[in-house]
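2 protein chains.
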Amino acid sequence: MSKQSRTLQTYQALKFDVLSARYLPGRKLIIENICEEQCVSPGAVREALARLTSDGLVIAEPQKGFTVAPVSIADLQDLTEVRIDVEQKCIRRAIRDGDIEWEGQILSTLHQLNKTLETTVLEGGKLVFCPIWAEKHAQFHDALVSACSNLWWLNLRSRLFMQAERYRWMTLPYVEEKRFVVKEHEALVAATLDRDADLASALVEDHLQKTADLLLSSDAPFDDTDERYTKAVKLT
Amino acid sequence: MSKQSRTLQTYQALKFDVLSARYLPGRKLIIENICEEQCVSPGAVREALARLTSDGLVIAEPQKGFTVAPVSIADLQDLTEVRIDVEQKCIRRAIRDGDIEWEGQILSTLHQLNKTLETTVLEGGKLVFCPIWAEKHAQFHDALVSACSNLWWLNLRSRLFMQAERYRWMTLPYVEEKRFVVKEHEALVAATLDRDADLASALVEDHLQKTADLLLSSDAPFDDTDERYTKAVKLT
DNA sequence: TCCATAGAAACTATAGAATGTTTTAGAAAA
DNA sequence: TTTTCTAAAACATTCTATAGTTTCTATGGA
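Chains as they are written, first to last, in our numbering: chain A, 1 to 236; chain B, 237 to 472.
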């Protein structure tokens with residue numbers, strides 16, 4: 001039997017499916033289908049979907065079921081603007097408050113991230129979707145700001161990162177990686193460990209803006225004229 | 237039969253109970269009790285609690301049930317700092333982008349808020365908990381920033397406002413209202429309609445910081461030595 | 001202090017009722 | 001004769017309720 005409850009299990013599975021773009025925006029989430037796919041009861045699925053609703057990943061319409069939350073270019077632009085600001089707030093406070101252990105964590109996660117990139121992702125020059133790399137990438141960025149003593153900034157950052165990850169994964173197969181993400185990460189780490197808040201802040205902005213621009217200029221089926229993406233982002 | 241589903245009904249009822257401090261932080265939420273109180277089935281309650289979990293209002297521990305999310309002085313301080321920043325971002329963009337209709341909405345909601353205050357709340361000099369005033373107050377602050385074209389800023393603001401409302405209502409019976417909130421609101425509106433972003437921004441900071449300070453210096457049973465409030469705020 | 005047992009509550013599954021959606025048949029108009 | 005609009009019926013899915021199982025907690029005794 002599983003250690004954690006079936007609800008958490010399906011919640012994480014569904015969250016992964018939405019973030020990894022296995023379930024595209026606007027897709028209808030039939031409870032019965034999910035039941036047999038995850039081998040759980042409708043109750044657990046409903047509960048997982050309810051949590052995802054408050055996470056902003058799915059939309060619940062009473063008596064009409066659940067659908068994957070829509071995305072749009074405008075939403076990505078707004079999201080990027082907010083992310084830059086919040087990430088800067090976090091990194092500044094982390095640089096101010098961070099200790100030795102924090103520095104160690106940064107180097108540790110960076111190392112793991114780079115090693116993961118070398119061994120698994122680079123296939124034929126194009127980026128390939130890789131859950132392990134995605135996890136390492138998230139852990140690295142988490143470590144960078146983990147010394148921020150204000151938990152609410154970190155909370156907001158976490159939510160925004162999740163949403164951005166969704167965009168990244170969705171359009172990842174269509175973009176050619178021309179940047180050297182590794183270099184950007186290392187520069188960011190260098191500035192951070194030097195406690196150069198202004199430089200780190202600028203690098204963060206560069207990093208996030210470049211990522212968004214790359215997605216927007218890609219060949220990805222990411223067009224507001226596409227019927228699947230037209231719906232406006234609904235916020236509670 | 238009710239128009240909207242029972243789940244939404246219980247979700248809103250529970251949300252109200254938590255925000256209005258009927259359910260104190262740390263309190264255990266027995267599903268069965270809620271069932272008979274709200275006259276609904278356990279399934280609906282579970283679903284509502286799941287949504288509240290992602291809202292950060294309740295904590296879910298597998299196999300151990302649900303409890304009302306804890307609060308603390310440190311959390312209120314962090315929250316206030318973040319709120320000030322986010323509210324400023326919103327008001328600045330609203331001032332930049334707002335149109336005539338937006339201005340009208342501000343005046344309309346301000347008027348309703350003041351009228352509500354006169355007729356209902358002032359009883360014996362002390363502030364009395366009043367759901368209607370709380371709703372009008374929220375609508376007024378919503379209207380102020382509603383012209384902000386970046387939906388993500390508004391989304392974050394909405395979440396932070398909700399959390400702050402919880403603190404305000406919880407400690408409200410214990411604070412004597414020495415400020416003239418009406419004056420502060422009117423000054424804020426004046427600065428906003430004059431499109432004076434810097435002044436409005438400063439007033440916002442003043443407004444929020446004063447509210448937090450008032451709560452922290454109140455006689456409210458709001459002490460980290462109290463066992464009910466000691467638990468750290470858990471962030472997903 | 002440790003262990004066992006009894007009780008309570010959460011978790012899961014199954015079944016039935018209410019609601020929304022689609023399809024199809026029929027009739028009227030072009 | 002063909003097309004289109006309407007309406008009703010059949011289907012699918014969500015929503016709600018009830019029952020059974022597993023897990024946790026508390027109390028009593030060794």
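Don't be surprised by glycine CBs; every beta carbon is placed ideally from N, CA and C.
Everything numeric in this text was worked out from a predicted model, so none of it was measured.
Residue range of the alpha helix (DSSP H) that includes residue i
i, result
"V45(A)", "P42 to D55"
"I309(B)", "I309 to D333"
"A21(A)", "Here A21(A) belongs to no alpha helix (DSSP H), and DSSP marks it neither H nor E."
"I270(B)", "I267 to Q274"
"G340(B)", "I336 to T352"
"S453(B)", "S453(B) -> no alpha helix (DSSP H), and no H or E assigned at all."
"V189(A)", "V181 to L193"
Residue i vs residue j beta-carbon contact at 7 Å
i, j, result
"L392(B)", "L156(A)", "yes"
"S54(A)", "S290(B)", "yes"
"A383(B)", "D333(B)", "yes"
"Q324(B)", "V425(B)", "no"
"L160(A)", "V40(A)", "no"
"F140(A)", "L172(A)", "no"
"P42(A)", "C35(A)", "yes"
"T67(A)", "K15(A)", "no"
"A200(A)", "I59(A)", "no"
"K136(A)", "Q163(A)", "no"
"A94(A)", "V145(A)", "yes"
"E184(A)", "H207(A)", "yes"
"S5(A)", "P298(B)", "yes"
"T352(B)", "W369(B)", "yes"
C-beta neighbour in chain A for residue i, strict 7 Å
i, result
"N350(B)", "no"
"D335(B)", "no"
"S241(B)", "yes"
Residue range of the unbroken beta strand (DSSP E) whose run includes residue i
i, result
"A147(A)", "Unbroken run through A147(A): none, as it is neither H nor E."
"V68(A)", "G65 to V68"
"V294(B)", "V294 to E297"
CB contact check: residue i to chain B, cutoff 7 Å
i, result
"V204(A)", "no"
"V82(A)", "yes"
"D78(A)", "yes"
"N33(A)", "no"
"F140(A)", "no"
"M1(A)", "Summary for M1(A): the model assigns pLDDT 39, below 50, so the residue's position carries little reliability; its value from the coordinates is reported in the next sentence. No, M1(A) does not count as interfacial toward chain B."
*Which of the residues in the stretch 278-294 of chain B, read from start to end, lie with their CB under 8 Å from any CB of chain A?*
G279, R282, E283, A284, A286, R287, L288, T289, S290, D291 and G292
*Inspect the CB distances between the stretch 282-289 of chain B and the stretch 243-254 of chain B and report whether three or more fall short of 8 Å.*
yes
*Does the stretch 203-220 of chain A come within contact of the stretch 256-270 of chain B, defined as at least 3 CB pairs closer than 8 Å?*
The stretch 203-220 of chain A is not in contact with the stretch 256-270 of chain B.
*Check whether the stretch 102-111 of chain A touches the stretch 75-85 of chain A, counting contact only when three or more Cβ pairs, one atom from each stretch, lie closer than 8 Å.*
Not touching, per the Cβ criterion.
_Within 9 Å of chain B by C-beta, residues of the stretch 61-74 of chain A in sequence order_ = P62, Q63 and A74
*Name, going along the chain, the residues of the stretch 152-164 of chain A whose beta-carbon falls closer than 9 Å to a beta-carbon of chain B.*
Within the stretch 152-164 of chain A, the residues whose Cβ lies closer than 9 Å to some Cβ of chain B are W152, W153, L154, N155, L156, S158, R159, L160 and Q163, listed in chain order.
*Touch test, the stretch 178-194 of chain A against the stretch 68-77 of chain A, Cβ-Cβ under 8 Å, three pairs minimum*: Contact between the stretch 178-194 of chain A and the stretch 68-77 of chain A is absent, because fewer than three Cβ pairs lie under 8 Å.
*Got a sec: which bits of the stretch 241-255 of chain B sit with their beta carbon under 9 Å from any beta carbon on chain A, in order along the chain?*
S241, T243, L244 and Y247
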